[in-house]
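Protein chains in written order, with the working numbering: chain A, 6 to 175; chain B, 2 to 336. Using N, Cα and C, we set each Cβ at its ideal position, and we do this for glycine too. No experiment lies behind these values; they were computed from the predicted model shown.
Take a look at the structure:
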C-alpha cells in the first residue's frame, strides 16, 4: 500500500512537472523546474533500490548537464524570450500524435506479460550492494556494449574539441 | 513494531539536531578562527573588542546579520532570488548526513556515501548560478558564470581523485573506507594516495570558492560576485554555506586520506594509552588542521587569474588524477 502511494506520488509529480517545464515563458524557470523533476527521478530510482543510479542521476544530470543548460540559457536575451510565443503554430498536431501514442501503448497493456525473474532479486542486490552488482554486470557480462558506449562518447568529445579548434584558428 | 519505528525516528531526529547544532556553532567560530589566524599572520590581533579576545564576535555578527534589513532589488526575479541562498545551505547540510564522525555515529549509513556527498556538493553550484542570474546585475551575473564554470570543472577533478580511494578500499561507504585504512601500519590512505590527496585538496579549494581560487567573488573586480545584491540573513546563508562546505571538504579529506577517527596502528602500538581518547577528538583535530590549512593558504597566496585557474583544472589536475587511477588499479591488480 505504502509503496503504491509512493509510486503514485512520483508518477503524478513527474507528469505534472513535465508539463510545467514546457509551458514556462521564462527558459531559466523551465530549467529550474527540470531540476526539481530530476530530483523526483532520483527519488524514483531510490524507491526501486537503485541507489547508485539515483546518485549518478543527481551528479551527472542535475550537477553537470543541467548546470551547462542553465549556463547557455543565461546567455540568452531573456527579455526577448519571455515575449516570444511558447509554441509554434502546429502544436495541436503534435499533441494529437502524443495522445495517439498514449492510446497505442495503453491498448497493448492487457497483453503485457512479466518476464521470468532474473538472478538479481531485491535481496541479492541488497546483499551485494547496488553499485557492486551493477559494476560486475557492466564490466563482465556487458563489457562490449559498455565499450561501444564509451567510444561513442569519446567521439563526441573529440568532435567538440575539433569544432572549438576550428573556430579559434580563423 | 510501531514503537520501535517511532523510537528509530526519534533517535535520528536527535542525531540531526546534534549534528546541525554543532556544525552551525563550528561555522560561527570558524569565522572567528579565520579572522584571528589571518590577523596574526599579518601581525595584527584580529577581533579583540567583543568579549575577552573578541570571543563573542561571531555572536555579535550573527545578531547583526539577523536584524539587518532584507533588500531585494526592484528588477530582480523575486522568487528565484529568495530561493537561491537556501539551496547551497540545504545541499551542504544534507551532505553532513552521511559523514561518520566517530565509530558508529552517522545519521544515514548508506552504501553510496561518497557519491551522495559529491551529488550534494554539485548542487551547491545552483545557489550561486541562481543568485547571479536573478539579481539582474552585471557583477552578480559575471560572478555566477565564473563560479558555475569553475565548480563544474573542479568537480571532475574531485570525483576522479577519490576514485583511487574507492579502488583501494573497495567501497563507497565512508565507514568502510575508514576501516579499510586500518590494514596499513600507517593507517592512512595519505601515503599510497598522495597524488590523489594533492589533487583533492587543490580542487576542494576551488570547489568551495576559497582563496586563491575565490574568483567568483573577486572583490576588486566584481564587488562581491554572485551575492553582491544580497543583504542581511540571505547574505549570511551564502556565507554559512561556504563555511559548511569547507567543513565538509575537510571531513572528506580526513575520512578518505587521514583515517577518519582512527589512529595509525603503528602509533597505537607505540603508545597504547592513546586508545582511551574518544575517536571524535581525533576526527575534530584532523578537521581543524585542514580548516587551518584553508586559512593559511588564504593568507599566503595571491588570487589566481581566471584562465590559469581553468587550465590548471583541466590540464594538470584531471590528467594527474587519471594517471593516479591507472597506477592504483595496476598496483591493486598485480599485488
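Query                                                                                                                                                                                : Result
Got a sec: which bits of the stretch 117 to 148 of chain A sit with their beta carbon under 9 Å from any beta carbon on chain B, in order along the chain?                           : 134, 135, 136, 137
Specify the secondary structure class of residue 11 of chain A as computed by DSSP and reduced to three states.                                                                      : helix
Strictly below 8 Å CB to CB, what residues from chain B border residue 165 of chain A?                                                                                               : Going along chain B, no residue has its Cβ under 8 Å from residue 165 of chain A, so there is no contact; the nearest lies around 13 Å.
Rounded to whole angstroms, what's the CA-CA distance from residue 86 of chain B to residue 119 of chain A? Just pull it up for me.                                                  : 47 Å
Here's the rule I'm using: 16 or more other beta-carbon atoms within 10 Å means buried, otherwise exposed. How should residue 282 of chain B be labelled?                            : exposed
Spatial neighbours of residue 113 of chain B within its chain, please: CB distance less than 6 Å, with the 5 preceding and 5 following residues excluded, ordered by chain position. : 173
Less than 8 Å between the C-beta atoms of residue 208 of chain B and residue 122 of chain B, yes or no?                                                                              : yes
Would you tell me roughly how many angstroms separate the C-alpha atoms of residue 61 of chain B and residue 68 of chain B, rounded to the nearest one?                              : 11 Å
What residues are listed by DSSP as bridge partners for residue 106 of chain B?                                                                                                      : B/103
From the beta carbon of residue 111 of chain B, is the nearest beta carbon of chain A less than 8 Å away?                                                                            : yes
Starting from residue 1 of chain B, trace the alpha helix (DSSP H) in both directions and tell me its first and last residue.                                                        : Given a span of 2 to 336 for chain B in the structure shown, any question on residue 1 of chain B remains unanswerable.
Closer than 8 Å, Cβ to Cβ, to anything on chain B: give me those residues from the stretch 72 to 96 of chain A, in chain order.                                                      : 72, 73, 75, 76, 79
Just checking: is the beta-carbon of residue 195 of chain B within a distance shorter than 8 Å of some beta-carbon in chain A?                                                       : no
What number of angstroms, rounded off, separates the C-alpha of residue 42 of chain B from the C-alpha of residue 52 of chain B?                                                     : 22 Å
Looking at residue 25 of chain B and residue 88 of chain B, is the spacing between their C-beta atoms short of 8 Å?                                                                  : no
Any C-beta of chain A within less than 9 Å: which residues of the stretch 147 to 159 of chain B qualify?                                                                             : 149, 150, 152, 153, 156, 157
Quick one: grab the DSSP three-state call for residue 412 of chain B.                                                                                                                : Limits of chain B in this structure are 2 at one end and 336 at the other, which puts residue 412 of chain B out of reach.
Give the secondary structure of residue 29 of chain A by DSSP, where H, G and I count as helix, E and B as strand, and everything else as coil.                                      : coil
For residue 20 of chain B and residue 34 of chain B, what's the separation of their Cα atoms in angstroms?                                                                           : 20 Å
According to the neighbour-count rule (16 or more other Cβ atoms, all chains shown, within 10 Å of its Cβ), is residue 263 of chain B buried or exposed?                             : buried
Out of curiosity, what's the CA-to-CA distance linking residue 117 of chain B and residue 56 of chain B?                                                                             : 35 Å
Pick helix, strand or coil for residue 325 of chain B, following the three-state DSSP scheme.                                                                                        : helix
Work out the CA separation of residue 271 of chain B and residue 176 of chain B for me, nearest whole Å.                                                                             : 25 Å
Residues of chain A with CB under 8 Å from residue 126 of chain B, in chain order?                                                                                                   : 68, 72
For a contact meaning CB atoms closer than 9 Å, what does residue 26 of chain A contact in chain B?                                                                                  : Near residue 26 of chain A there are no residues of chain B at all, since even the closest Cβ is about 15 Å away, more than 9 Å.
Exposed or buried, residue 80 of chain A, counting other C-beta atoms within 10 Å across all chains shown (16 or more means buried)?                                                 : exposed
Would residue 173 of chain B pass as an interface residue toward chain A - the criterion being a Cβ-Cβ separation below 8 Å?                                                         : yes
With distance defined between alpha-carbon atoms, name the residue in B/70, B/97, B/228, B/142 nearest to residue 240 of chain B.                                                    : B/228
Return the CA-CA distance between residue 315 of chain B and residue 152 of chain B, expressed in angstroms with no decimal places.                                                  : 12 Å
Under 8 Å between C-beta atoms, does residue 334 of chain B make it to chain A?                                                                                                      : no
From the DSSP output, in three-state form, read off residue 266 of chain B for me.                                                                                                   : helix
Given that residue 56 of chain A touches chain B, what residues does it touch there, using C-beta distances under 8 Å?                                                               : 111, 112, 113
For residue 297 of chain B, does the count of other Cβ atoms within 10 angstroms reach 16, so buried, or fall short, so exposed?                                                     : exposed
Would you kindly work out how many angstroms separate the C-alpha atoms of residue 144 of chain B and residue 204 of chain B, rounded to a whole number?                             : 19 Å
Quick one: Cα of residue 4 of chain B to Cα of residue 18 of chain B, how far?                                                                                                       : 21 Å
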